[in-house]
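Remarks on the structure that follows.
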Amino acid sequence: MTFAPTLGRWTQRLLPIAAALGVASIVPASHAAPDQPAASDSPPVFAYVGTYAPNGQGVYLLRQDPQTGALQQVGVYPSVPNPAQFAISKDTLYVGSESPKHGEVAAYAIDRRTGALTLRNQVDAQGKQTVYLGLINNQRQLLVANYGSGSVALFALAQDGSLGAASDVHQSVGQPGAAHPAAAVEGSFAASDHNGPHAHMIAADPSGQFAFSTDLGLDRIYQWRIDAEHGKLLPNDPPFINASSAGAGPRHFVFGADGKQLYLVNEEASTLTHYRLDTGKGTLTEAASLSTLPPGFKGTSFASDILITPDGRFVYVLNRLHDSIARFAVAADGSLSWQDDTWTRGSYPRTLTLDPAGRFIYVANQRSDHIATFKLDAASGKVEFTGQYTPVGAPSQLIFLR
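Numbered per mature numbering (1 follows the signal peptide of the UniProt record, and there is no 0), the sequence shown spans residues -32 to -1, 1 to 370.
Below, the structure is given as structure tokens:
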């Protein structure tokens, strides 16, 4: 979650970045009326970007060129404060407010022809600083993680996608983790928020029967059984496991293509941990951890996000301050090996997203106020910068309408 001062590789701008970042209402980005889809032989591909104030003005609507990967701004929608976190269904965008004062979740109806948003309703997130949203149970329920308060919650969703009341809320308690990450590289001063509970992510496994949530502040991974019928999260046995190392700061995770592996990024230690998932019990067993930084690197960096290709062959991790995309190959047994890294072309990369066609990866560079576009070679897993920047103020997350 850290907002440490930037020390990364963004020492010069290779291309000028447009200053106009939108206004507090819909701003057409072309001569086409905002309520009409752009002329094309195929349906338009839309994406939404969450942002942080004051640079970010709300939820940004973008249109993708599927051939080049280029993104064009269509409009900006004012939303809850710091609308930085998303989950999306076929016709509803869920937006989480990463406000340190009060957490909220809003539901927006999506016009699939134009990408336009209309507010359905919004509810209390049952905590502060909402940092993760995840749909479960065939998109009939929503999981929420609140970083500021260290709570996780489960919400029912109405037939039209509107948010119902929270059906379950759990508040983490326990001793904070170590102030300094034991597994960090030499010279690292990475440390943040080991001062109490800080839930960072919650998501269901591929079967939908179990869920896992990370707590950066307590250095724990919680294990849950999902009672979808009654809208409950039931502690598994054991209810949690400790992080892979003291002060590691577990953050985001993905599941392997076979549904039997889980790969988790530790923010403070800048490590990637491989866990094996018992699909019958819904519990994790640690296998191995690797640094997300290149061999020989010394100093401070914070790992942020993780992405796995649909075929499960490659895993990508973002490093903030080092400002890189680390690429890992996945072996047949699920084990990982570091391959290389690529500069993000910006400062403090927060998230990375693969487009629906699997051809482009987009990196939200928070402190340089843009999204950088990379082409993905599906065979080798290598990424190459396309030269394209999309100006967005303090971007947090990009999500595609599929």
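Glycine included, each C-beta is placed from N, C-alpha and C at the ideal position.
| Item | Value |
| --- | --- |
| Would you verify that the beta carbon of Ser364 is, or is not, closer than 8 Å to some beta carbon of chain C? | In summary, chain C is missing from the structure at hand, where a single protein chain is found. |
| Which residues in the same chain as residue 405 place their Cβ atom closer than 6 Å to its Cβ, once the five residues preceding and following it in sequence are excluded? | This structure does not reach residue 405, given that the chain is present from -32 up to 370, and the question cannot be answered. |
| Cα separation between Pro262 and Asp309? | 7 Å |
| Quick one, which of Gln127, Ala134, Gln109 and Ser269 has its alpha-carbon nearest His148's? | Ser269 |
| Taking the beta strand (DSSP E) that Asn114 belongs to, which residues open and close that run? | Gln109 to Asn114 |
| Would you list the residues sitting across from Asn105 in a DSSP beta bridge? | Answer is none; Asn105 lacks a bridge partner. |
| If we ignore side chains and look at the alpha-carbon of each, how far apart do Ala(-15) and Ser336 end up? | The pLDDT assigned to Ala(-15) is 35, lower than 50, so where the model puts this residue is not dependable, and the model offers no usable value. |
| Counting only the same chain and skipping the five closest in sequence on each side, list residues whose C-beta sits under 7 Å from that of His242. | Gln229, Tyr231, Ala255, Ala256, Gly302, Ser303 and Leu304 |
| Measuring alpha carbon to alpha carbon, tell me which residue in Val141, Val153 and Gly24 is nearest Phe208. | Val141 |
| Would you call the CB atoms of Thr19 and Pro363 closer than 8 Å? | yes |
| Which residues in the same chain have their Cβ closer than 7 Å to the Cβ of Leu320, if we skip the five residues on either side of it in sequence? | Asp273, Leu275, Tyr284, Leu286, Ile293, Ile329, Tyr330 and Val331 |
| Give the single residue among Ala77, Ser212, Thr182 and Ala196 whose Cα lies nearest to the Cα of Ala134. | Ala196 |
| If you follow the beta strand (DSSP E) that Gly64 is part of, which residue opens it and which one closes it? | Thr60 to Ser65 |
| State whether the stretch 147 to 167 contacts the stretch 121 to 131, with contact taken as three or more CB pairs (one from each stretch) at a distance under 8 Å. | no |
| What ranges does the beta strand (DSSP E) occupy inside the stretch 133 to 200, keeping only unbroken runs of at least 3 residues that lie completely in it? | 167 to 172, 178 to 183 and 188 to 195 |
| Between Ala179 and Asp173, what straight-line distance do the alpha-carbon atoms span, to the nearest angstrom? | 6 Å |
| What does a CB cutoff of less than 6 Å around Gln356 pick up in its chain, not counting 5 residues either side in sequence? | Ala38 and Thr341 |
| In angstroms with no decimal places, state the Cα-to-Cα distance between Asp291 and Leu369. | 27 Å |
| Pro11 to Arg81, Cα distance in whole Å? | 8 Å |
| Is the stretch 98 to 107 close to the stretch 153 to 169, with three or more CB pairs under 8 Å? | yes |
| Using only the alpha-carbon positions, how far apart do Asn23 and Tyr16 sit? | 16 Å |
| Check Asn50 in the structure and name its three-state DSSP category. | coil |
| Going by DSSP in three states, Phe265 sits in which element: helix, strand or coil? | coil |
| For the stretch 101 to 117 against the stretch 153 to 160, do three or more pairs of beta-carbon atoms, one drawn from each stretch, fall closer than 8 Å, so that the two count as touching? | no |
| Going straight from the alpha carbon of Val55 to that of Val73, what length do you get? | This sequence places Ala at residue 55; Val is not what is there. Cα-Cα distance, rounded: 10 Å. |
| On the DSSP bridge list, what partners appear for Ala74? | Val63 and Gln90 |
| Between which two residues does the beta strand (DSSP E) containing Asn333 stretch? | Phe328 to Asn333 |
| If you measure between the beta carbons of Ala211 and Asp246, is that distance less than 8 Å? | no |
| So, are the CB atoms of Leu30 and Tyr45 less than 8 Å apart? | no |
| Mapping the DSSP letters down to three states, classify Ile11 as helix, strand or coil. | Going by the sequence as given, residue 11 is Pro instead of Ile. Coil. |
| Can you tell me whether His138 is buried or exposed, with buried defined as 16 or more other CB within 10 angstroms of its CB? | buried |
| On the three-state DSSP scale, how would you describe Ile(-7)? | Here Ile(-7) scores only 37 on pLDDT, less than 50, and its place in the model should not be relied on; the value that follows carries that caveat. Three-state DSSP puts Ile(-7) in coil, outside helix and strand. |
| May I ask you to list the residues that DSSP assigns as paired with His338? | Asn333 and Pro359 |
| Does the separation of the CB atoms of Gly64 and Ala52 fall below 8 Å? | yes |
| Measuring straight from C-alpha to C-alpha, what distance separates Thr239 and Ile367? | 25 Å |
| Quick one: what's Glu254 bridged to in DSSP? | Tyr243 |
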